[in-house]
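Below is one structure, written out as structure tokens; the observations come after it.
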Amino acid sequence: MRGGPGEAERRQRWGRLFEELDSNKDGRVDIRELRQGLARLGGGDPDRGAQQGISPEGDTDPDGGLDLEEFILYLQEREQRLLLLFHSLDRNQDGQIDVSEIQQSFRALGISISLEQAEKILHSMDRDGTMTIDWQEWRDHFLLHSLENVEDVLYFWKHSTVLDIGECLTVPDEFSEQEKLTGMWWKQLVAGAVAGAVSRTGTAPLDRLKVFMQVHASKTNRLNILGGLRSMIQEGGVHSLWRGNGINVLKIAPESAIKFMAYEQIKRAIRGQQETLHVQERFVAGSLAGATAQTIIYPMEVLKTRLTLRRTGQYKGLLDCAWQILEREGPRAFYRGYLPNVLGIIPYAGIDLAVYETLKNRWLQQYSHDSADPGILVLLACGTISSTCGQIASYPLALVRTRMQAQVYPFVTLEREPFILSRRTDTPPLREPPSSPCWVSSVTSYPRRACGAFTGALPPTS
124 MRGGPGEAER RQRWGRLFEE LDSNKDGRVD IRELRQGLAR LGGGDPDRGA
174 QQGISPEGDT DPDGGLDLEE FILYLQEREQ RLLLLFHSLD RNQDGQIDVS
224 EIQQSFRALG ISISLEQAEK ILHSMDRDGT MTIDWQEWRD HFLLHSLENV
274 EDVLYFWKHS TVLDIGECLT VPDEFSEQEK LTGMWWKQLV AGAVAGAVSR
324 TGTAPLDRLK VFMQVHASKT NRLNILGGLR SMIQEGGVHS LWRGNGINVL
374 KIAPESAIKF MAYEQIKRAI RGQQETLHVQ ERFVAGSLAG ATAQTIIYPM
424 EVLKTRLTLR RTGQYKGLLD CAWQILEREG PRAFYRGYLP NVLGIIPYAG
474 IDLAVYETLK NRWLQQYSHD SADPGILVLL ACGTISSTCG QIASYPLALV
524 RTRMQAQVYP FVTLEREPFI LSRRTDTPPL REPPSSPCWV SSVTSYPRRA
574 CGAFTGALPP TS
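Here you go:
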């Protein structure tokens, strides 16, 4: 291990960090300043790190803040813990962590990662280009991260966009064996469901407007955004803009759970016990998992479309809507539009995944030379652009699906219009509004913390 700086130099370095965190220059770092500093400097979970720093152990004279000496004691304790973690991962005890040791550590957690993925992790911390991580690089990288054990370190690496898992709207997240045993997987799914509910509720008026224009617009009835909103509000009031949102939120949980279970089985069939899936394999597994989930919950999609388009007083509720469809049209009506819906998954999944990976990797190559984490804003931009491209490509099939789902209405006549050219909106035609990935990614961190799930840069939920 390379020799570290002397005690005097260490105190000077800690003093400079203290001055940087002490934003109001009162000679103390309180929990607000520590939280802001941890978030600014990339300290993992800022709330958890701040609470650990301003604790009875760290604050020796309980006044809600740390002076310089208390701050130095806090960092000394952090370095001692980090040194133990470093030795735990440095399996051959040569003072450096290399690619093989990273792979071995993940394998012990029940996750097999490829050589390329391990190199990405190492590159995010390797400042001198030696393709190894020494103690100084390890210490400087994790000093302010709220990590307590080896599992925390591996979870941080796994969920901080270093590995290609779960960042695409189409592909579910992957969970280690320990995450499955400890229940971390369901906390992640619950957090994603909560974030999806907030996202869909926030964009529900735009979603209903989209369905309204897809079904009602024609050559003789040209609707625009303002005209569509005006018609819906005049018919049912402002609250009618959220019609169909209840079942749209309700189907998040079963769809996510089915997709996750199907993805795990398909992934195991493709990969066996080998390394994690490559991009092409993830596309296949994600598409098949999405098709499986859609097949099972598709009747809820039909109900969502009918409830979204319903007139005031037409249905008493979800069960009444389902009963009327079954009584008047038979059980086959619940799978009307199923084929174009499943076919639309392929171009959407392929373009979404390809554009996302291309944009993210291009940004990392151009602007990020010392980290494999592009940051939340870059991920939001990549996710929004890729989702938009995928939705535009698959929109004709989505339009056919929606009209077939709603064809009980007498004004829907597909035979009069060529579907390839029937794009009925004045704005980019999206299956979900383009802001939806941003809503999900921005909101997900809060429910994940509430569920106790370890958070990193989070993928959006479809």
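Counting in this note's numbering, the sequence shown runs without a single skipped number right up to 585 at its last residue.
C-beta: ideal position from N, C-alpha, C; glycine also.
Bear in mind the structure is a predicted one, so any value in this text is a computation, not a measurement.
When Leu352, Asn368, Met384, Leu346 are compared, the shortest CA-CA separation from Gly319 is found for Asn368. Secondary structure of Gln488 (DSSP, three-state): helix. The bridge partners DSSP lists for Ile220 are Ile256.
Taking the CA atoms as reference points, Leu196 sits about 34 Å from Glu242. Residue nearest to Leu191 within the set Lys310, Trp137, Leu462, Val501 is Trp137 (criterion: CA-CA distance). Membership of Lys243 in the alpha helix (DSSP H) is indicated by the continuous run 238–246. From the listed residues Gln357, Tyr458, Glu239, Thr435, the smallest Cα separation to Pro422 is found for Tyr458. Taking Ile348 as reference, the option from Leu329, Glu404, Ile225, Leu476 with the minimal CA-CA separation is Leu329. Nearest in C-alpha terms to Ser211, of all of Arg455, Ala314, His362, Trp261, is Trp261. Phe383 and Gln226 have their C-alpha atoms roughly 24 Å apart.
The Cβ atoms of Leu476 and Phe406 lie closer than 7 Å to each other. Distance check between Leu411 and each of Val425, Ile375, Ile469 places Ile469 closest, using alpha-carbon atoms only. Cα atoms of Tyr490 and Gly350: separation of roughly 44 Å, rounded to the nearest angstrom.
In this structure, Val338 lies away from Ala456, with their beta-carbon atoms at least 7 Å apart. Taking the Cα positions, Glu239 is about 53 Å away from Leu449.
Note on Ala392: under 16 other CB atoms within 10 angstroms of its CB, so exposed under the neighbour-count rule.
Cβ contact annotation for Ala327 (same chain, cutoff 8 Å, sequence separation greater than five): Leu364, Trp365, Gly367, Asn368, Asn371, in chain order. By alpha-carbon distance to Ala385, the top candidate from Gly436, Ile375, Ala408 is Ala408. Selection Gln417, Ala516, Asn215, Cys444 evaluated against Leu430 yields Cys444 as nearest (Cα-Cα). DSSP, read as helix, strand or coil, puts Asp149 in coil. 7 Å or more divides the Cβ of Leu482 from the Cβ of Cys512. Of the candidates Ser322, Tyr438, Arg133, the residue whose Cα lies closest to the Cα of Leu426 is Tyr438. Taking each of Ser509, Gln488, Glu424 in turn and checking the Cα distance to Tyr461, the smallest one comes out for Glu424.
In the three-state DSSP reduction, Leu346 falls in the coil class, being neither helix nor strand. Residue pairing of Leu189 in beta bridges, as defined by DSSP: Val152.
A straight line joining the alpha-carbon of Gly436 with that of Leu352 spans about 19 Å.
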